[in-house]
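> Residue numbers (the UniProt record's numbering): 1 to 120.
1. Going by alpha carbons, who is nearest to residue 111 out of 10, 49 and 95?
2. Among 87, 22 and 54, whose alpha-carbon lies nearest the alpha-carbon of residue 115?
3. Which one or two residues does DSSP pair with residue 31 in a beta bridge?
4. Ends of the beta strand (DSSP E) at residue 79?
5. How would you label residue 8, buried or exposed, when you count the other beta carbons within 10 angstroms and need 16 or more for buried?
6. Among all the DSSP beta bridges, which residues are the ones paired with residue 103?
7. Can you tell me which of the three DSSP states residue 54 falls into?
8. What does DSSP give as the partner residue(s) for residue 49 in the beta ladder?
9. Ends of the alpha helix (DSSP H) at residue 63?
10. Return the Cβ separation of residue 98 and residue 78 in integer angstroms, given the expectation that the two are a contact with Cβ distance under 8 Å.
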């Protein structure tokens, strides 16, 4: 199926998301912070990215904006997956270029539905 990059600083969240994705036939690569994630996305050119927001150093909003401004990576859909559940956070995430926004804990059916939409 698709190659998905998960960018999250929580080993537990990485495990949960990776398990869901692999169970549904996707290949998964992981990065533990935004800087590592940006480098991985540029190098591997995945089909989609799942981006946490709250991480040490650069946050997920900043990383999403950077990936969307770069011509090499602007075509890759980013789905923000975060604990930040305020409407203003969602609006801000979408303004940075995210294609969708999920609040943790994520339901597998919601994640697969959104991935199906963004992957076409």
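For glycine and all other residues, C-beta sits at the position ideal for the given N, C-alpha and C.
Concretely, from the data shown:
1. Taking the chain shown and counting its residues from 1, the one referred to as residue 111 is at position 111. If we check each option's Cα against that of residue 111, 49 comes out closest.
2. If you number the chain shown from 1, residue 115 lands on position 115. The residue with the shortest Cα to Cα distance from residue 115 is 22.
3. Along the chain shown, read from residue 1 onward, the residue named residue 31 stands at position 31. Answer by DSSP bridge pairing, in chain order: 7.
4. Locating residue 79 in the chain shown gives position 79, where the first residue counts as 1. Where residue 79 is concerned, the enclosing beta strand (DSSP E) stretches over 78-82.
5. Within the chain shown, residue 8 is the residue found at index 8, counting from 1. It is buried - the Cβ of residue 8 has at least 16 other Cβ atoms within 10 Å.
6. Start at 1 with the first residue of the chain shown, and residue 103 comes out as number 103. Answer is 82, bridged to residue 103.
7. Walking along the chain shown from the start, residue 54 turns up at place 54. Coil.
8. Locating residue 49 in the chain shown gives position 49, where the first residue counts as 1. For residue 49, which the question treats as bridged, DSSP gives the partners 5 and 78.
9. Translated into positions along the chain shown, residue 63 becomes position 63. It spans 60-69 - the alpha helix (DSSP H) in which residue 63 sits, taken as one unbroken run.
10. Sequence index remark: in the chain shown, residue 98 carries index 98 (1-based). Sequence index remark: in the chain shown, residue 78 carries index 78 (1-based). Contact flag correct, Cβ pair sits at about 5 Å.
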